[in-house]
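Student: Right, I'll just put the structure down here and ask away after.
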Amino acid sequence: MAVVRLSIMLFLTAIIAISGLAPALASSQLEVTIDPNSDTAVAKMTYQRSIVLDYSQGGKLADALAGKSDKISFTASSYTPGMSSLIANLNSYILSQGSQAQITDLDLEYLATLTGRSGSASIDYKIVLRPTIQNFVITAGSGNSPTLIDVDWRGFGALGPVVISAPMYGDVEINIPISAIETFIPSMGLSMKASDSGELLTARLMDGDGIKAQPIGNWHFLFDPTGIGVDAAQHGFVTGSVLSSFTMGESSLREGLIREQVNESTFTSDKVYVIKSIESSANASIDIIGFANRDILGTSEIFGVTPNAPEGYATTSAGEFPAFILYGMAGMAAIGGAAMYMMSLRKLKGEKGHYDQTGIDPSALSATATSASSGGYQTVRGEAQVKGLDDYDQH
Numbered sequence: 002m003a004v005v006r007l008s009i010m011l012f013l014t015a016i017i018a019i020s021g022l023a024p025a026l027a028s029s030q031l032e033v034t035i036d037p038n039s040d041t042a043v044a045k046m047t048y049q050r051s052i053v054l055d056y057s058q059g060g061k062l063a064d065a066l067a068g069k070s071d072k073i074s075f076t077a078s079s080y081t082p083g084m085s086s087l088i089a090n091l092n093s094y095i096l097s098q099g100s101q102a103q104i105t106d107l108d109l110e111y112l113a114t115l116t117g118r119s120g121s122a123s124i125d126y127k128i129v130l131r132p133t134i135q136n137f138v139i140t141a142g143s144g145n146s147p148t149l150i151d152v153d154w155r156g157f158g159a160l161g162p163v164v165i166s167a168p169m170y171g172d173v174e175i176n177i178p179i180s181a182i183e184t185f186i187p188s189m190g191l192s193m194k195a196s197d198s199g200e201l202l203t204a205r206l207m208d209g210d211g212i213k214a215q216p217i218g219n220w221h222f223l224f225d226p227t228g229i230g231v232d233a234a235q236h237g238f239v240t241g242s243v244l245s246s247f248t249m250g251e252s253s254l255r256e257g258l259i260r261e262q263v264n265e266s267t268f269t270s271d272k273v274y275v276i277k278s279i280e281s282s283a284n285a286s287i288d289i290i291g292f293a294n295r296d297i298l299g300t301s302e303i304f305g306v307t308p309n310a311p312e313g314y315a316t317t318s319a320g321e322f323p324a325f326i327l328y329g330m331a332g333m334a335a336i337g338g339a340a341m342y343m344m345s346l347r348k349l350k351g352e353k354g355h356y357d358q359t360g361i362d363p364s365a366l367s368a369t370a371t372s373a374s375s376g377g378y379q380t381v382r383g384e385a386q387v388k389g390l391d392d393y394d395q396h
């Protein structure tokens, strides 16, 4: 029974560990499809964060922000003033991560929204980059040799202030949170920056380190050997293409428990105000046309891609959650069910005799009429009573 109980505990632990909720929003979220036959891919990277200013005790901050709403919203392309500097910034960061890939074209969407409520205000930031990435093919494959793909660029971001010229707003700094706050509440922006909350309010928004920090060996791998994935054409895949998908950012045995990131500081003016920075953990999805296998080249993780899976390869979800684990969990569930049945059976046997129903021997009973006549009418009613007991006649 000790083995059975241990199996039940392991099964329940596994279920609890993988049942965490995946984040709805992310500090950085990467989506990209890579065709190894083309050394060019268009990615989408989204950076999001919320800054919450608590003025529930009133004060100057409440007077300035309660009920106020405002936003800064614009788009930009590679030809927009300031975008070439951003591309250079991103490429410099990619190079620092040991990647040979480079961004050659870039589109940008920026949104900062202020919402003032009765007890607090929030500034929500969202930056979407759509870069064209080139030069990620390390070695082109031929015959049985795979194409080697560089993915050290996957956690790209920008360092320091980034200024973009927007027609409606002029020059807008987009990478440092305090910049939007200074626009929304100029009277307090500078003092906030110089306060204890300065570090929190100057932490860069375009930060994809969470994606790079998670080894690809911990990502979930899904392989479609038939190329008949749902809505394949909608996502740019050719029907019949072998497809490999790598994803990260969900609570699992591989990645651990994914939690919302909350940092807190204070800002002192006429009162002490609490300032929070809120964002969820990074997540990413990399789709590769062909059969992709994670490998190591020097100190870097790479993908080795072949047009088709190796002969005899039939696993569609492998590496991080192979079939034998799924079958093992099903087996533990069956063992758990059997153990519960055996324990219930043993308990019933142990209680036998305590709940056995007993009664009077039917041969000791006699029938007696209980309804007397009323006028000329006699009902046919009766009951059973124990023979030899005279007290029935007294009632």
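Numbering-wise (my numbering), the sequence shown opens with residue 2 and increments by one. All residues carry an ideal CB built from backbone N, CA and C; glycine is no exception.
If you check the beta carbons only, do residue 53 and residue 119 fall under 8 Å apart?
Tutor: No, the Cβ-Cβ distance between residue 53 and residue 119 is not below 8 Å.
Student: Taking three-plus beta-carbon pairs below 8 Å as touching, is the region 178-197 in contact with the region 61-70?
Tutor: Cβ pair count under 8 Å is three or more, so yes.
Student: Considering only the alpha carbon of each residue, which of 279, 243, 348 and 338 lies closest to residue 306?
Tutor: That would be 243, whose Cα lies nearest to the Cα of residue 306.
Student: Answer with buried or exposed for residue 130, where buried requires no fewer than 16 other C-beta atoms within 10 angstroms of its C-beta.
Tutor: That one is buried.
Student: For residue 180, which option in 114, 106 and 144 has the closest C-alpha, if you only look at C-alpha atoms?
Tutor: It is 114.
Student: Should residue 24 be labelled buried (16 or more other beta-carbon atoms within 10 Å of its own) or exposed?
Tutor: Low per-residue confidence applies at residue 24: pLDDT is 36, beneath 50, and the placement is therefore not dependable enough to give any value.
Student: Rounded to a whole number of angstroms, what is the C-alpha to C-alpha distance between residue 15 and residue 332?
Tutor: Summary for residue 15: the model assigns pLDDT 45, below 50, so the residue's position carries little reliability, and this model does not support an answer.
Student: Considering only residues of the same chain and omitting the five flanking positions on each side of residue 197, which have a CB-CB separation below 6 Å?
Tutor: Around residue 197: 266 and 267.
Student: Should residue 128 be labelled buried (16 or more other beta-carbon atoms within 10 Å of its own) or exposed?
Tutor: That one is buried.
Student: Taking the straight line between their C-alpha atoms, what separation do you get for residue 248 and residue 195?
Tutor: Whole-angstrom Cα-Cα distance: 40 Å.
Student: Does the region 137-157 come into contact with the region 38-50, if we say contact requires no fewer than three beta-carbon pairs (one atom in each stretch) closer than 8 Å?
Tutor: Output reads yes: the region 38-50 touches the region 137-157.
Student: I'd like to check one pair, residue 209 with residue 31: are the Cβ atoms closer than 8 Å?
Tutor: Going by C-beta atoms, residue 31 is nearer than 8 Å to residue 209.
Student: With a cut-off of 8 Å on the beta carbons, I'd call residue 271 and residue 72 a contact; round off their distance for me.
Tutor: Actually they do not touch by this definition, with Cβ atoms about 27 Å apart.
Student: Could you pull the DSSP bridge partners for residue 284 from this structure?
Tutor: For residue 284, which the question treats as bridged, DSSP gives the partners 30.
Student: What do you reckon, are the CB atoms on residue 90 and residue 164 nearer than 8 Å?
Tutor: It is not a contact, given that the beta carbons lie outside the stated cut-off.
Student: For my contact list, residue 263 and residue 55 are in at a C-beta cut-off of 8 Å; report their separation, rounded to the angstrom.
Tutor: 13 Å between Cβ atoms; not a contact.
Student: In the DSSP assignment, find the unbroken beta strand (DSSP E) run with residue 294 in it and report its ends.
Tutor: Here the beta strand (DSSP E) through residue 294 covers 292-298.
Student: When you compare only the Cα positions, how much space is there between residue 173 and residue 166?
Tutor: Whole-angstrom Cα-Cα distance: 6 Å.
Student: Where do the N-terminal and C-terminal ends of the alpha helix (DSSP H) with residue 192 fall, by residue?
Tutor: Looking at the DSSP string, the run of the alpha helix (DSSP H) that includes residue 192 is 187-194.
Student: Under a three-way DSSP split, which group does residue 89 fall into?
Tutor: Residue 89 falls in the helix class under three-state DSSP.
Student: So what does residue 132 bridge to, in DSSP terms?
Tutor: BP columns for residue 132 point to 107.
Student: Go ahead and pull the three-state DSSP assignment for residue 218.
Tutor: Correct three-state label for residue 218: helix.
Student: Residue 283 and residue 100: beta carbons closer than 8 Å?
Tutor: No; because the gap between Cβ atoms is not below 8 Å, this pair is not in contact.
Student: Leaving out five residues before and five after residue 51 in sequence, what residues of the same chain have Cβ atoms less than 6 Å from its Cβ?
Tutor: Cβ within range, chain order: 123, 125 and 279.
Student: Is residue 35 helix, strand or coil when you go by DSSP?
Tutor: Strand, per DSSP.
Student: Less than 8 Å separating the beta-carbons of residue 336 and residue 35?
Tutor: Not closer than 8 Å, so no.
Student: Report yes if the C-beta distance between residue 176 and residue 206 is below 8 Å; otherwise report no.
Tutor: For residue 176 and residue 206, yes; Cβs fall inside 8 Å.
Student: Rounded to whole angstroms, what is the Cα-Cα separation between residue 338 and residue 346?
Tutor: When rounded, the distance between both Cα atoms is 12 Å.
Student: Measuring alpha carbon to alpha carbon, tell me which residue in 151, 303, 291 and 293 is nearest residue 136.
Tutor: Of the candidates 151, 303, 291 and 293, the one whose C-alpha sits nearest the C-alpha of residue 136 is 151.
Student: State buried or exposed for residue 193, treating a residue as buried only when at least 16 other CB atoms are found within 10 Å of its CB.
Tutor: Counting Cβ neighbours within 10 Å, residue 193 comes out buried, since at least 16 surround it.
Student: Helix, strand or coil for residue 181 per DSSP?
Tutor: In this structure, residue 181 counts as helix in the three-state DSSP scheme.
Student: If we count the other Cβ atoms within 10 Å of its Cβ and call it buried at 16 or more, is residue 294 buried or exposed?
Tutor: With 16 or more Cβ atoms within 10 Å of its Cβ, residue 294 is classed as buried.
Student: Short check: CB of residue 287 to CB of residue 296, under 8 Å?
Tutor: Result no, Cβ atoms of residue 287 and residue 296 do not sit closer than 8 Å.
Student: For residue 50, list the residues DSSP reports as bridge partners.
Tutor: Answer by DSSP bridge pairing, in chain order: 126.
Student: Could you pull the start and end residues of the alpha helix (DSSP H) that residue 61 belongs to?
Tutor: Start and end: 61-66.
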